[in-house]
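Chains as they are written, first to last, in this note's numbering: chain A, 193 to 502; chain B, 42 to 274. Worksheet for the structure shown next.
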């Protein structure tokens with residue numbers, strides 16, 4: 193305990209120096225990445241928050257589109273990947289400027305409530321029902337997706353649901369409803385995670401699940417799951433872009449949101465969407481369909497899409 | 042098991058091959074977590090020292106709070122910081138949500154109770170006669186605290202290690218307040234989550250290996266400092 197009079201302070205200069213150098217080096221990270229970006233709009237108005245579904249991130253489409261958008265417009269798009277339900281909720285709270293979602297009924301409700309300014313069709317792919325090759329519920333020859341769900345429930349075969357209010361979850365719930373079934377019991381599991389994780393869980397449990405084709409393809413041969421039901425009109429998966437109504441919150445970056453909406457519908461962007469995934473999977477993950485130009489939606493559904501909210 | 046070996050190989054390739062994106066992620070992880078640890082030291086050490094040295098009514102309640110805070114779930118911190126930083130939240134005008142600064146704030150909130158709790162234990166673990174001796178030698182209160190902290194520096198370094206370890210490895214708050222935005226707020230833990238979701242297990246393993254290497258390097262540096270023979274003793 194002869195502490196007090198002991199030695200002059202010998203701060204651990206060497207260590208402090210090394211720590212400071214590591215820290216200083218780490219400060220360079222944003223400088224390096226910022227140098228790659230240009231800044232046309234003023235700093236405060238540059239950030240555009242996009243709330244979108246996990247499928248656009250898990251499939252890698254956002255990684256292809258975001259740099260293009262930032263480069264062309266000078267905005268800094270911040271994509272936040274959540275389920276469609278959560279994305280619409282962020283829009284309703286004014287925490288996002290623009291949304292890319294695939295939950296048509298919920299989107300229409302969002303527009304009807306006056307939360308959105310403009311809603312336009314961007315692209316589509318389809319949902320598929322996947323399951324183990326052994327197909328214990330025998331759904332591969334089911335005449336419809338609803339019939340397939342009925343067989344899964346009758347067989348009480350393992351089924352993994354997203355359970356997260358996402359667009360995929362909404363579609364799955366719609367199928368159960370059409371089948372007149374309230375799913376529950378030991379065979380029905382809610383993962384509460386994104387599409388990629390849910391597919392991994394279904395894979396591990398030899399279970400069935402409903403997935404968008406893009407995420408399924410992007411996981412590729414990682415999965416032992418087979419596509420068992422496809423092509424049913426009820427499995428159509430249409431993505432819409434929605435700008436959040438700037439009237440409700442003065443914090444909304446309306447110009448930035450509008451720029452992203454315009455960007456998605458541009459012919460050049462549509463071409464990128466149509467080619468995305470071909471190099472890796474041999475087929476595109478999404479079919480571009482700006483403003484329903486491809487006629488994927490019945491015209492009654494397409495017309496209100498371009499109409500501003502009442 | 043193949044994934045594990047492929048992951049190890051991939052980790053080496055990413056690091057030595059100078060993969061720019063991975064290095065950016067590594068540097069951002071370091072910057073956020075080191076800054077957060079630094080802030081937690083500035084806040085946590087005085088709090089811990091004060092709780093150890095000052096007696097006041099309700100002290101046990103505060104100490105209990107600090108000890109509970111040592112196990113604060115990162116996701117709960119994430120939710121709280123999100124609510125504060127939302128555009129239409131109380132601090133929304135700062136426009137900090139989905140930035141590295143937001144992640145630093147959340148991580149500092151996670152690490153501060155850890156540092157405070159361990160500082161409290163370290164200072165309380167000192168021989169009580171030391172404080173009496175210091176006071177009797179005429180040390181001012183500030184000098185007393187300074188020398189007590191010096192004497193407790195070994196367990197204090199352990200506090201730094203624990204705080205840093207907690208924040209470099211957490212993912213819940215980082216993904217919630219950072220948004221896992223490529224090139225901006227993607228750190229090693231959130232990138233790992235994303236790669237698992239994408240089914241890229243090899244990359245996920247590689248990123249985990251990089252994370253472990255990083256945590257080990259920083260911790261090793263601190264440990265070397267801690268275990269160094271103390272001159273003059």
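Cβ coordinates follow ideal geometry from the N, Cα and C atoms, glycine included.
Asked                                                                                                                           : Found
Ranges of the beta strand (DSSP E) found wholly within the segment 302-376 of chain A, counting only runs of at least 3         : 308-323 and 351-353
Assigned exposure category for residue 333 of chain A - 16 Cβ within 10 Å defines buried                                        : exposed
Top-ranked residue by Cα proximity to residue 188 of chain B, from B:68, B:230 and B:176                                        : B:176
Min CB distance residue 127 of chain B to chain A below 8 Å                                                                     : yes
CB contact below 8 Å: residue 376 of chain A versus chain B                                                                     : no
Residues near residue 89 of chain B by beta carbon distance below 6 Å, same chain, minus five either side                       : 157, 160 and 161
Cutoff 8 Å: residue 54 of chain B Cβ touching any chain A Cβ                                                                    : no
Contact set between residue 247 of chain A and chain B, taken where Cβ atoms lie within less than 7 Å                           : In chain order: nothing, as chain B lies at least about 10 Å away.
Sheet register partners of residue 480 of chain A (DSSP bridge)                                                                 : A:315
Within 8 Å, strictly: CB atoms of residue 144 of chain B and residue 218 of chain B                                             : yes
Contact check, residue 269 of chain A vs residue 291 of chain A, beta carbons under 8 Å                                         : no
Those residues which DSSP pairs with residue 463 of chain A across a bridge                                                     : Per DSSP, none; premise fails for residue 463 of chain A.
Residue of B:147, B:137 and B:108 minimising C-alpha distance to residue 118 of chain B                                         : B:147
CB contact below 8 Å: residue 240 of chain B versus chain A                                                                     : yes
Pair within 8 Å by beta-carbon distance, residue 260 of chain B and residue 212 of chain B                                      : no
CB contact below 8 Å: residue 237 of chain B versus chain A                                                                     : yes
Beta-carbon neighbours of residue 139 of chain B, restricted to chain A and to distances below 9 Å                              : 239, 241, 270 and 272
Assigned exposure category for residue 231 of chain A - 16 Cβ within 10 Å defines buried                                        : Low confidence applies here, because residue 231 of chain A scores a pLDDT of 39, under 50, leaving its location unreliable; read the following figure in that light. So residue 231 of chain A ends up on the exposed side.
CB contact check: residue 119 of chain B to chain A, cutoff 8 Å                                                                 : no
Residue 430 of chain A and residue 338 of chain A closer than 8 Å at C-beta                                                     : no
Cβ-based burial, residue 471 of chain A [other Cβ within 10 Å; buried from 16]                                                  : exposed
Residues near residue 379 of chain A by beta carbon distance below 7 Å, same chain, minus five either side                      : 348, 349, 350 and 351
Assigned secondary structure, residue 272 of chain A (DSSP; H/G/I helix, E/B strand, else coil)                                 : strand
Local conformation of residue 88 of chain B per DSSP, three classes                                                             : helix
Euclidean distance between Cα positions of residue 98 of chain B and residue 169 of chain B                                     : 21 Å
Within-8 Å CB hit, residue 410 of chain A to chain B                                                                            : yes
Inter-residue spacing [alpha-carbon to alpha-carbon] between residue 140 of chain B and residue 128 of chain B                  : 13 Å
Inter-stretch contact at 8 Å, needing at least 3 Cβ pairs: the segment 442-456 of chain A / the segment 361-380 of chain A      : no
Cβ pair count under 8 Å reaching 3, the segment 257-277 of chain A against the segment 287-302 of chain A                       : yes
Supposed close pair residue 355 of chain A, residue 384 of chain A - CB separation, criterion 8 Å                               : 5 Å
Own chain partners of residue 461 of chain A with C-beta closer than 6 Å, once the 5 adjacent residues on each side are dropped : 455
Within chain A, partners of residue 222 of chain B - CB distance below 7 Å                                                      : 270 and 271
Per DSSP, the bridge partner or partners of residue 428 of chain A                                                              : A:318
Close beta carbons around residue 299 of chain A, own chain, < 6 Å, minus the five adjacent residues each side                  : 293 and 432
Minimum Cβ-Cβ distance from residue 175 of chain A to chain B less than 8 Å                                                     : Past the edges of chain A, shown from 193 to 502, lies residue 175 of chain A, and the structure says nothing about it.
Proximal residues of chain A, C-beta to C-beta of residue 133 of chain B below 8 Å                                              : 443
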